[in-house]
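Below: one structure, written as structure tokens.
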Amino acid sequence: MIEIAEEQMFNNIVIMVLTQKDNSSFQIYYWDESDREKCKPTKSYPKFFNCRFGNITAFDIHEENVTSMPCVLKVKAIAWPPFVIFPRHLQKTLQNKPVDKILLNGIEIELMNVISKYLRIKVEYYVSYKEDWGTSYFNGSSTNTMNDLMTKKVDIAIGSFSVSNPRVALFRMSQSYAEEHMLICVPNRSYIKFWSNFFNISSLKLFLSVFIIRGMGIYSSPDNLRYFDRKERLWFEKQILKNWIDCHNVTRCLEDVYANHEKAICMDENYKNYILHNSKKVGESTLHCLKRKLTSNPIGMIMRKTLPMLEEIDNIIGKIIAADDTNITASLDECNELKQEIETNRKDL
217 MIEIAEEQMF NNIVIMVLTQ KDNSSFQIYY WDESDREKCK PTKSYPKFFN
267 CRFGNITAFD IHEENVTSMP CVLKVKAIAW PPFVIFPRHL QKTLQNKPVD
317 KILLNGIEIE LMNVISKYLR IKVEYYVSYK EDWGTSYFNG SSTNTMNDLM
367 TKKVDIAIGS FSVSNPRVAL FRMSQSYAEE HMLICVPNRS YIKFWSNFFN
417 ISSLKLFLSV FIIRGMGIYS SPDNLRYFDR KERLWFEKQI LKNWIDCHNV
467 TRCLEDVYAN HEKAICMDEN YKNYILHNSK KVGESTLHCL KRKLTSNPIG
517 MIMRKTLPML EEIDNIIGKI IAADDTNITA SLDECNELKQ EIETNRKDL
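The sequence shown begins at 217 in this note's numbering and counts up one residue at a time.
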């Protein structure tokens, strides 16, 4: 029973066990997971008091003995605005260590803060500036962040994760709180310097779209199939292989797009909106995008199978959505302000 409680991350457990000699008498066990090295299993459990006929004697459970912070919830966060915002100048400091949550912002970070508060659970964030969402397969294998969930290195993954059939089969998904729409865009030529600075991060890869326009070459990443289920991949694979181009240096890719009218970049609409809200306004659009939206995918948190808090998290997200607090457009300005606050605070240090 104790092992089951540990596996489900239950905290502040009180277990009443009948004694072998007297069925009318039982022993009461209580322990606090946070005092036991972040819920690592141990063979010893404290027996705090005895009880007979339901009357507790010589012991009183005081409020200070009950912690409000149970086991630490480990969250992998992919830095991808506007869902997860992390200062670019700190990306070199990321070494698989927990990140101070004061440095993080974005729509999904705000959601996690609310969930942490209402569930009264501590959260540790492990941030990645690489585009390592990872891929899952029906045979049970996974890569990158998906593998971190499979091996229980983390409990939840956030950062613009969309729903796919393999992910639903292998993990638990929260209800959707946002929609991702894929767009094909080309940057405005006059912003080449801005784009070079904005995308000056290592090995940035852009997403793959199932939409191919007039044989146009699309800069994308073939190893990220998060927008496809198995059937879609089989149907589109040959057409995509003829058109996609690996993009490991985004600045170079953007310059190529400027110079070649037969090439474009595929990106998600929320990321495009974030770019537009954080670029200089000089009377013309930073990006030219097709008005037609391509694939549409719900966004949610991906959790490991054994996480017991799915219903509670869904209830919290549902209430926030009902209050219209996750409106993407409204949140973009807020995220931008939070980002500026981070930079201001850094300068004041």
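We put the beta carbon where it would ideally sit given N, CA and C, even for glycine.
All of these numbers come straight from a predicted model, not from anything done at the bench.
Top-ranked residue by Cα proximity to residue i, from the options
| i | options | result |
| --- | --- | --- |
| I400 | T522, E485, V288, W296 | E485 |
| T359 | L386, R508, K507, E340 | L386 |
| E528 | M389, K369, Y474, N494 | M389 |
| R304 | V343, V339, I337 | V343 |
| M328 | P403, K292, I491 | K292 |
| A490 | G534, S357, I323 | One point to set straight first is that residue 490 is Tyr, not Ala, in the sequence displayed. Closest option to Y490, Cα to Cα, is I323. |
| K488 | I318, L319, N531, K509 | K509 |
| M325 | M517, D530, N404 | First, the residue type needs correcting, since residue 325 is Ile and not Met in the sequence shown. Out of M517, D530, N404, M517 has the C-alpha closest to the C-alpha of I325. |
| D371 | I337, D472, A539, N531 | I337 |
| Y353 | I533, V384, V330, K368 | V384 |
| E471 | I532, M483, N404, G534 | N404 |
| G534 | D348, Y345, I331, H397 | I331 |
| C482 | E396, S392, N321, K308 | E396 |
| W349 | S380, L503, N321 | S380 |
| I532 | Y393, L503, N494, M398 | Y393 |
| D530 | Q391, Y345, N321, P382 | Q391 |
Residue i to residue j span [Cα, whole Å]
| i | j | result |
| --- | --- | --- |
| P262 | V288 | Residue confidence for P262 is low, a pLDDT of 46 falling below 50, so the modelled location carries little weight; the figure read from the coordinates is stated next. The straight-line gap from Cα to Cα measures roughly 21 Å. |
| F302 | V233 | 49 Å |
| S520 | M366 | The amino acid occupying residue 520 in the given sequence is Arg; Ser does not appear at that position. Going from the Cα of R520 to the Cα of M366 covers about 7 Å. |
| I567 | I515 | This structure cannot settle anything about residue 567, because the visible part of the chain is limited to 217 through 565. |
| Y334 | L526 | 13 Å |
| N476 | L492 | 23 Å |
| C505 | V402 | 6 Å |
| L523 | A480 | 41 Å |
| V300 | G356 | 27 Å |
| L319 | Y474 | 35 Å |
| D316 | Y341 | 7 Å |
| N607 | E478 | Since the first residue shown for the chain is 217 and the last is 565, residue 607 is missing from the structure and cannot be characterised. |
| L306 | E347 | 16 Å |
| N494 | T351 | 30 Å |
| K308 | K369 | 21 Å |
| V339 | Y345 | 19 Å |
| K507 | M398 | 11 Å |
| N321 | L503 | 25 Å |
Cβ neighbour criterion (16 or more within 10 Å) applied to residue i
| i | result |
| --- | --- |
| K290 | buried |
| A539 | exposed |
Cβ-heavy atom distance, residue i to the ligand COA, below 7 Å
| i | result |
| --- | --- |
| A475 | In the structure on display, the ligand COA does not appear, and there are no ligands present to speak of. |
_Quick test of the definition: if touching needs 3 or more C-beta pairs under 8 Å, does the stretch 373-383 touch the stretch 295-309?_
yes
*Decide yes or no for the touch test of the stretch 303-314 against the stretch 350-364: beta carbon pairs closer than 8 Å, at least 3 of them.*
no
*Enumerated in chain order, which unbroken segments of the alpha helix (DSSP H) with a length of 4 residues or greater are wholly contained in the stretch 348-386?*
360-366, 381-386
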